[in-house]
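Everything on this sheet refers to the single structure shown next.
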């Protein structure tokens, strides 16, 4: 993995309560991961991420006000080493390509959310993870 400090800190940016809770529940099952912060909007994320200093940020592609792709670009400009994993309801390859081009290291389709922790581990290990 990219860093030796455990557990790895995960920040979640998701505007749907049920999905946020699903991510928190999945991450809680992993001994080497912990949620360090949650934001409902991109603006909240930009305010909270500097304080949390996460190892990886999970971002919903469809946020109000600023898309997850735009947020990814902004975060990568400010924090080039920050790892980003996009979570999306869109299964079309176009969205995964846009996420990777923006600087994300992974793309998980919400319909396959059970793959989320594997995707997080893959990205932390330096891989690019795209759910098929």
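Numbering (the numbering used here), first residue to last: 1066 to 1197. In this text, a Cβ means the ideal position worked out from N, Cα and C, and glycines have one as well. Remember, predicted model here, so these are calculated numbers, not experimental data.
With DSSP collapsed to three states, give me the class of residue i.
i	result
residue 1144	coil
residue 1120	coil
residue 1189	helix
residue 1169	coil
residue 1108	helix
residue 1080	coil
residue 1075	strand
Anyone know if the C-beta pair for residue i and residue j falls short of 8 angstroms?
i	j	result
residue 1091	residue 1110	no
residue 1134	residue 1122	no
residue 1177	residue 1149	no
residue 1165	residue 1124	no
residue 1173	residue 1184	yes
residue 1138	residue 1104	no
To the nearest angstrom, how far is the alpha carbon of residue i from that of residue j?
i	j	result
residue 1099	residue 1160	27 angstroms
residue 1203	residue 1077	Residue 1203 falls outside the range modelled here, since the chain spans only 1066 to 1197, and no answer is possible.
residue 1142	residue 1188	19 angstroms
residue 1117	residue 1106	16 angstroms
residue 1181	residue 1094	12 angstroms
residue 1131	residue 1112	14 angstroms
residue 1153	residue 1074	21 angstroms
Are there 16 or more other CB atoms within 10 angstroms of the CB of residue i, so buried, or fewer, so exposed?
i	result
residue 1119	buried
residue 1128	buried
residue 1085	buried
residue 1082	exposed
residue 1140	buried
residue 1193	exposed
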